[in-house]
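K.L.:
Residue numbers (this note's numbering), protein chains in the order written: chain A, 14 to 351; chain B, 633 to 1104.
Each residue gets a CB set at the ideal place from its N, CA and C atoms; glycine is no exception.
Computed from a prediction, not measured in an experiment: that's the story for all the values here.
Quick one: the structure is below, and I'll ask about it shortly.
Right, dumping it as structure tokens:
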């Protein structure tokens, strides 16, 4: 295996980590109006992700930095080419992040309601726009021989891009509601379980269509069998997550849902390979793992860094989830804290 | 449209604005983490509840501030690719490495242990909980090191080779990039300045309560700790600043010449504290000068030669071709003075107050005492402003280069991002950052004025485990 291939897999790994972990944060945010009847409900929900949303969000910073270090051309073309969607993602993440800290600082209902709205929008927009962005990376964008992307925001909202966005929103929403069911007890948990089942069939239908479309787009790719296998795994584990939710096995349902998102994102990365960003205008514009990558030395020395740090990262993050394993309920929310 | 919005100018304004804004919160995060860690350690060792109350108070201020540092930091990383794609293509092979290490080794650590510290009061054993806040400080300091190493490459490129075929700089030695003389001096300089800012905030909070005669014993402790920290940190800032000057003269003599507005190469160069003259500094009407000081700063000898702007300009033209190789002189000149002046003034205020609040200090009239407290409250932002002005000096002083000697700023901007898009993002960031700054300031002031929570001795052990676990 070439070192460029290893780094392609590592970039995929960090983006998968981001979507699996921040995915349920987005879902919890989007579920606030669906599951929260009052402020106490919403506080329970937000506190389920309280200790972890920040480290989950850190995955996108690391994914971006790893992309920059390993494939600078890819990073440069993608980030400048998708300027407006990334701007919207940044603004949404800013508003969402500060809202977690700010919403409980004052007791007036309007104060909390304003920040709840920002959490909802700030969770929906990034999920939707990352879905749109990754679908368009796979689909290919107009890119000249100097790898300069030229596409408008509306150009990105083509049918496949839109479907990618809706798919990721629904996957995150279900993922978040399963997380709430897993981490709470009492009424909120019951409401979450009912709502998961209502969203399950539409989610399966949308995700299956998107995955099937992705497979059809790559019917002539030599490693098609891998794409089909991963898309099939994503679909199967999504159905399994639905069935497990139906039977109230929340821990397994959450695992299956994490696997769904991981396999779906992996499907997109494997569809890309060995390109990283295909050009729809000229073959010379297409970025591949070879012409987008850093030098052998950089990839080599950074591989050591990644191999040493990543197991530690996984270890202490898993430990954090263990420390905060207890379920929350309305009884835990102090009446007049702060 | 295209002519109306200049993408390069707008992208520079946006980078400057978002970076300076980010750097209001980062120093406070780094410094407050250290303050909270020291207070909690004191509590762990002495079991004196006043230290726990201070830990809680400054931990809360730290927390309000922290979210802002995180979310504005994502903007910083994305911006390289979004607005400076040609820069990213040119240096990504070198510059991306410290950024990725920062994420893998520092950001993850910081984000994980911050959650453990905030939510873990009743879930972790005391020692593990104490170590969490130290991990947060350690990780944030480490992240500062790597990002400063990346910045140092822009000031003083080392450890790379030019690949003509791919038209980019490539890394040849990660070690050289990480041990760049510029980062070795810039790291202590930046970190200690951050600690100064946290110290003055702590002093201001203590002064606010002491002025109202509340929480007296607890706040006297905070005041003393803050004053000593500010004075000691300032000494480190000065020493490392001196080292940074030497490294700068070595790598970027133009920046030092621009810091003084020194046009002709001079032996025994003096340092002007204040100058009146034409805005570009080419001629002066009046100035107050300290003889030999510029030579001393630049070379550590009384009569060392300091290169002037005109000589360097001629040298760079022959080396790099025609062009203007000097930064905007009035900005570098005044930024350098304000940075030093504000830092010195902040430390002097603390030093004087240490004397005024000594144990044997005579009784003062209520009016004088009131004035003293107010001075301490209003001088709190000085180290922060000094840090911001320092960054302005460092980054503006590097112009016209984005990477000194290798790439000019004008060649680094994204060619495919239209001016109106940058205008839009600049307007959006300005609006959101502006309104968040107001909310942020009010929340921090409110938390500071509410003061430390009442905790009586002995009640500190997992008194209200559930309410402690619910933070949001």
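1) Any beta-carbon of chain B closer than 7 Å to the one on residue 81 of chain A?
2) For a cutoff of 7 Å on Cβ pairs, would you count residue 333 of chain A as touching chain B?
3) So, under 8 Å CB-CB, residue 201 of chain A and residue 43 of chain A are touching, yes? Tell me the CB distance rounded to an integer number of Å.
4) Starting from residue 218 of chain A, trace the alpha helix (DSSP H) both ways and give me its first and last residue.
5) Say whether chain B places a C-beta atom closer than 7 Å to the C-beta of residue 351 of chain A.
6) With three or more beta-carbon pairs closer than 8 Å as the criterion, would you say the segment 758 to 766 of chain B touches the segment 716 to 735 of chain B?
7) With C-beta atoms as the reference, is residue 1176 of chain B less than 7 Å away from residue 738 of chain B?
8) For a contact meaning CB atoms closer than 8 Å, what does residue 330 of chain A contact in chain B?
9) Taking a cut of 7 Å between CB atoms, which residues from the segment 996 to 1011 of chain B lie near chain A?
10) Interface residues of chain B around residue 310 of chain A at Cβ under 8 Å?
11) Note down the Cα distance separating residue 166 of chain A from residue 19 of chain A, rounded to an integer number of angstroms.
12) At what residue ranges does the segment 131 to 205 of chain A contain a whole run of the alpha helix (DSSP H), taking only runs of 4 or more?
13) To which residues of the same chain is residue 1094 of chain B closer than 7 Å at the C-beta, ignoring the five residues directly before and after it?
14) How many Å lie between residue 194 of chain A and residue 205 of chain A at the Cα?
15) Is there contact here, the segment 1016 to 1029 of chain B with the segment 968 to 983 of chain B, by at least three beta-carbon pairs under 8 Å?
16) For the beta strand (DSSP E) containing residue 796 of chain B, name the first residue and the last one.
17) Quick one, are the C-beta atoms of residue 315 of chain A and residue 300 of chain A less than 7 Å apart?
18) Within 10 angstroms of its Cβ, does residue 1123 of chain B collect 16 or more other Cβ (buried), or is it exposed?
19) At 9 Å on the CB atoms, spell out the chain A contacts of residue 756 of chain B, in chain order.
20) Per the contact definition of three or more C-beta pairs closer than 8 Å, is the segment 934 to 945 of chain B in contact with the segment 855 to 867 of chain B?
21) Using a Cβ-Cβ cut-off of 8 Å (strictly less than) and excluding sequence neighbours within five positions of residue 696 of chain B, which residues of its own chain qualify?
22) Between residue 835 of chain B and chain A, is the shortest Cβ-Cβ distance under 7 Å, so that the two count as touching?
23) Whether or not the segment 810 to 824 of chain B and the segment 867 to 885 of chain B are in contact is what I'm after, with contact meaning three or more pairs of Cβ atoms, one per stretch, closer than 8 Å; do they touch?
24) Which residues in the same chain have their Cβ closer than 6 Å to the Cβ of residue 714 of chain B, if we skip the five residues on either side of it in sequence?
25) Could you pull out every unbroken alpha helix (DSSP H) segment of at least 4 residues lying fully inside the segment 46 to 75 of chain A, listed in chain order?
26) Name, please, each residue of chain B whose Cβ falls closer than 9 Å to the Cβ of residue 296 of chain A.
27) Contact criterion: CB-CB distance below 7 Å. Does residue 188 of chain A meet it with respect to chain B?
28) Going by DSSP, name the residue or residues bridged to residue 937 of chain B.
29) What did DSSP end up calling residue 667 of chain B once you bin it into helix, strand or coil?
30) Three Cβ pairs or more, each shorter than 8 Å: is that satisfied between the segment 155 to 175 of chain A and the segment 46 to 64 of chain A?
31) Verify the CB distance criterion: does residue 161 of chain A have a CB-CB separation below 7 Å to chain B?
32) How would you label residue 692 of chain B, buried or exposed, when you count the other beta carbons within 10 angstroms and need 16 or more for buried?
33) Using DSSP's beta-bridge definition, name the partner residues of residue 1040 of chain B.
34) Measure the C-alpha to C-alpha separation of residue 647 of chain B and residue 894 of chain B and round it to an integer number of angstroms.
35) Name the residue from A:218, A:247, A:22 and A:186 whose alpha carbon lies nearest to the alpha carbon of residue 45 of chain A.
36) Could you pull out every residue in the same chain whose Cβ sits closer than 6 Å to the Cβ of residue 1039 of chain B, ignoring the five residues on either side in sequence?
P.N.:
Looking at the atomic coordinates:
1) yes
2) yes
3) Not confirmed; about 15 Å, so no contact.
4) 200 to 230
5) Confidence at residue 351 of chain A is low in this model, with a pLDDT of 44, below 50, so the placement of that residue is unreliable and no value is reported for it.
6) Judged by Cβ distances under 8 Å, the segment 758 to 766 of chain B makes no contact with the segment 716 to 735 of chain B, as fewer than three pairs qualify.
7) This structure gives no information on residue 1176 of chain B, because the portion of chain B shown stretches from 633 to 1104.
8) 740 and 744
9) Against chain A - using a Cβ distance shorter than 7 Å - the segment 996 to 1011 of chain B contributes no residues.
10) 802, 803 and 804
11) 32 Å
12) 166 to 169 and 172 to 196
13) Residue placement at residue 1094 of chain B cannot be trusted, given a pLDDT of 47 that sits under 50; what the coordinates show is reported in the next sentence. Counting only Cβ-Cβ distances below 7 Å, and skipping sequence neighbours, we find 754.
14) 6 Å
15) yes
16) First-last for residue 796 of chain B: undefined, no H or E at that position.
17) no
18) The structure shown does not extend to residue 1123 of chain B, since chain B spans only 633 to 1104, so no value can be given for it.
19) Under the 9 Å cutoff, chain A gives 336.
20) Inter-segment contact for the segment 855 to 867 of chain B and the segment 934 to 945 of chain B is absent: fewer than three beta-carbon pairs are separated by less than 8 Å.
21) Excluding positions up to five away in sequence, the list reads 1072, 1075, 1076 and 1079.
22) The Cβ of residue 835 of chain B sits no closer than 7 Å to any Cβ of chain A.
23) yes
24) Around residue 714 of chain B: no qualifying Cβ.
25) 52 to 62
26) Near residue 296 of chain A there are no residues of chain B at all, since even the closest Cβ is about 19 Å away, more than 9 Å.
27) no
28) B:899
29) Reduced to three states, the DSSP call for residue 667 of chain B is helix.
30) The segment 155 to 175 of chain A vs the segment 46 to 64 of chain A: no contact.
31) yes
32) buried
33) According to DSSP, which records beta bridges pairwise, residue 1040 of chain B is partnered with B:1033.
34) One C-alpha to the other measures close to 28 Å.
35) Taking only the C-alpha atoms, the option nearest residue 45 of chain A is A:186.
36) 722
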